[in-house]
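Okay, structure first, notes after.
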């Protein structure tokens, strides 16, 4: 199972934790890149879309 469901872009926290523990890594940095279409007519919705997705 992937770490995210790419069809609906939902991160699966339990899978990330499980895979991180299984990797044996001593230190992990997780970064989240937020990408939004930067064009009209959707650009004015960026803040509301980010709030809804958080």
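In the numbering used here, the protein residues as written are -11 to 42.
Glycine included, every Cβ here is placed at the ideal spot set by N, Cα and C.
In this text the structure is predicted, and so the values were computed from the model without any measurement.
Span separating the alpha-carbon of residue i from that of residue j
i: residue 12; j: residue 21; result: 25 Å
i: residue 39; j: residue 1; result: 19 Å
i: residue 17; j: residue 33; result: 29 Å
i: residue 35; j: residue 4; result: 26 Å
i: residue -1; j: residue 10; result: 18 Å
i: residue 37; j: residue 8; result: 29 Å
i: residue 15; j: residue 41; result: 27 Å
Which of helix, strand or coil DSSP assigns to residue i
i: residue 0; result: coil
i: residue 70; result: Nothing can be reported for residue 70, as the shown portion of the chain is limited to -11 through 42.
i: residue 38; result: helix
i: residue 6; result: helix
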